[in-house]
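Trainee: Structure below; questions to follow.
In this note's numbering, the protein residues as written are 2 to 431.
Pasting the structure below:
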């Protein structure tokens, strides 16, 4: 079988530009020909739903601490040796432990309990009014123009403002937060050369220099915000070597990666959810008409967007021991790549997967937020933000269409999926 560019699937790679632009034929070929396939320079791609699900549940054999015991470094997944410049920049990092997304039990269990408590459904529900106000303020700024670039004028501002307010940091600093977030998500998931690694490392240093004094300030004078909750919450800890156990607060080395992950989860992924979803509505006017007529369908619409064209396509795990996935031998120390979006295209689970079906009976069965203990801690916030975003856009904008000559090209990433820009035109709702 041939993949999306006409060449055999074994010759096409996940990191090819044409795969990043349209990965779905490639995923279909993986399912049928080689559902567990080695990607040279990256690791083993795992594409079928059940295999991805089982991989996510197997935290004993597959570790999330993919950067090793020294903690996250945001250096991408390229095997290219680090340059001297990059090494010097890494020496300037404040220490960061494996935490939350990059941690395994028992550390992950303690961190996740704190985040779940701090980012509980009650707090997210309380944020909905603020989300709606932010969304309407953003629309107010462009509605009289009859056109906008969706990302820069709406899709970035909504989730970024919400997470900034939730953490308790200044809205005036959001441009910096956006840049740091973009750099760190690339450093977590993408193939980087040393020039890009140096840029990412400088962003990590700037983020740390911004957050460390604010962490210290919250320790001394807590506020009613998420940063204070995380900084001052106590966990029960135990040191098997010393025998010392008891309550303690999180260290700065633990807090920095947790805060950065909340920033990432509350930023680019939601921006791309909004952009990908609005393009679907424009390209499928029958879906647009149905959702516009009945806003109670918007939560189902958001779930099907997450399955059909979700914002995160893969992450990474590290094989702790020699093992097998679907009969394929996986050597110890090898990177394994759960393909969350490919799992959403598995026709054994989702009938006619490349059909956008607003009434799909198992619409919430997708794995776009992950599965198991590493299920996205910000999933509920993303769902509410997505619902508020589409309710606001559909309530205030009519006759939404792409601007003339809009090319809808995607960012050149195999792991995070979103358009470079979405220029639209519209009429204000009377």
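Beta carbons: idealized from backbone N, C-alpha and C, even for Gly. The structure displayed is predicted, hence computed values, not measured ones.
What whole-angstrom Cβ distance do residue 312 and residue 274 have, given they're in contact under 8 Å?
Mentor: Sequence index remark: in the chain shown, residue 312 carries index 311 (1-based). Sequence index remark: in the chain shown, residue 274 carries index 273 (1-based). 5 Å between Cβ atoms; contact.
Trainee: Return the chain-ordered list of same chain residues with a C-beta closer than 6 Å to the C-beta of residue 95, the five sequence neighbours on each side being excluded.
Mentor: As a position in the chain shown, residue 95 is number 94, starting the count at 1. Hits under 6 Å: 209.
Trainee: Please work out which residues of its chain come closer than 6 Å, Cβ to Cβ, to residue 64, disregarding the five sequence neighbours upstream and downstream, and give them in chain order.
Mentor: Position 63 of the chain shown holds residue 64. 105, 319 and 321, listed in sequence order.
Trainee: For residue 296, name the three-state secondary structure that DSSP assigns.
Mentor: Numbered from its first residue, the chain shown carries residue 296 at position 295. DSSP places residue 296 in helix when its eight states are reduced to three.
Trainee: How about the stretch 358 to 366 and the stretch 298 to 313: do they share at least three Cβ pairs that are nearer than 8 Å?
Mentor: yes
Trainee: Is residue 196 helix, strand or coil by DSSP?
Mentor: Looking up residue 196 in the chain shown gives position 195. Here residue 196 sits in helix by DSSP.
Trainee: So, are the CB atoms of residue 144 and residue 429 less than 8 Å apart?
Mentor: What you label residue 144 is simply residue 143 of the chain shown in a count that begins at 1. What you label residue 429 is simply residue 428 of the chain shown in a count that begins at 1. Yes. Within cutoff.
Trainee: Can you have a look at residue 334 and say buried or exposed, based on whether 16 or more other CB atoms are within 10 angstroms of its CB?
Mentor: As a first step, residue 334 is located in the chain shown; it is residue number 333 there, counting from the start. The residue is exposed, with fewer than 16 neighbouring Cβ atoms inside 10 Å.
Trainee: Let me check understanding here. Comparing Cα to Cα, which of 86, 20 and 377 lies closest to residue 203?
Mentor: Taking the chain shown and counting its residues from 1, the one referred to as residue 203 is at position 202. Nearest option by C-alpha distance: 86.
Trainee: Can you tell me whether residue 44 is helix, strand or coil according to DSSP?
Mentor: Sequence index remark: in the chain shown, residue 44 carries index 43 (1-based). Note: residue 44 maps to strand in three-state DSSP.
Trainee: Can you tell me whether DSSP reads residue 511 as helix, strand or coil?
Mentor: With the chain running from 2 to 431 in the structure shown, residue 511 is simply not present.
Trainee: On the three-state DSSP scale, how would you describe residue 243?
Mentor: Looking up residue 243 in the chain shown gives position 242. Legend: pLDDT at residue 243 = 42, less than 50; position of this residue unreliable, value from coordinates given subsequently. Coil, per DSSP.
Trainee: Consult DSSP for residue 411 and reduce its assignment to one of helix, strand or coil.
Mentor: Position 410 of the chain shown, counted from the first residue, corresponds to residue 411. Strand at residue 411.
Trainee: Any contact of the stretch 175 to 183 with the stretch 151 to 167, i.e. 3+ C-beta pairs under 8 Å?
Mentor: Inter-segment contact for the stretch 175 to 183 and the stretch 151 to 167 is present: three or more beta-carbon pairs are separated by less than 8 Å.
Trainee: Could you tell me which uninterrupted alpha helix (DSSP H) segments, each at least 4 residues in length, are contained entirely in the stretch 52 to 120, listed from first to last along the chain?
Mentor: 85 to 91 and 108 to 119
Trainee: So which of 159, 280 and 370 has the shortest CA-CA distance to residue 343?
Mentor: Residue 343 sits at position 342 when you count from the first residue of the chain shown. The option with the nearest alpha carbon to residue 343 is 370.
Trainee: Tell me whether residue 348 sits in a helix, a strand or coil according to DSSP, three-state version.
Mentor: Walking along the chain shown from the start, residue 348 turns up at place 347. In the structure shown, residue 348 sits in coil (DSSP, three-state: anything other than H, G, I, E or B).
Trainee: Leaving out five residues on either side along the sequence, give the residues of the same chain with a beta carbon under 6 Å from the beta carbon of residue 193.
Mentor: Residue mapping note: residue 193 aligns to position 192 of the chain shown, counting from 1. Excluding sequence neighbours, residue 193 sits near 77 and 79.
Trainee: What do you reckon, are the CB atoms on residue 339 and residue 73 nearer than 8 Å?
Mentor: As a working mapping, residue 339 is identified with position 338 in the chain shown. As a working mapping, residue 73 is identified with position 72 in the chain shown. No; because the gap between Cβ atoms is not below 8 Å, this pair is not in contact.
Trainee: How long is the line joining the alpha carbons of residue 283 and residue 157, rounded to whole angstroms?
Mentor: Here residue 283 is taken as the residue at index 282 of the chain shown, counted from 1. Here residue 157 is taken as the residue at index 156 of the chain shown, counted from 1. The alpha-carbon atoms of residue 283 and residue 157 are separated by roughly 20 Å.
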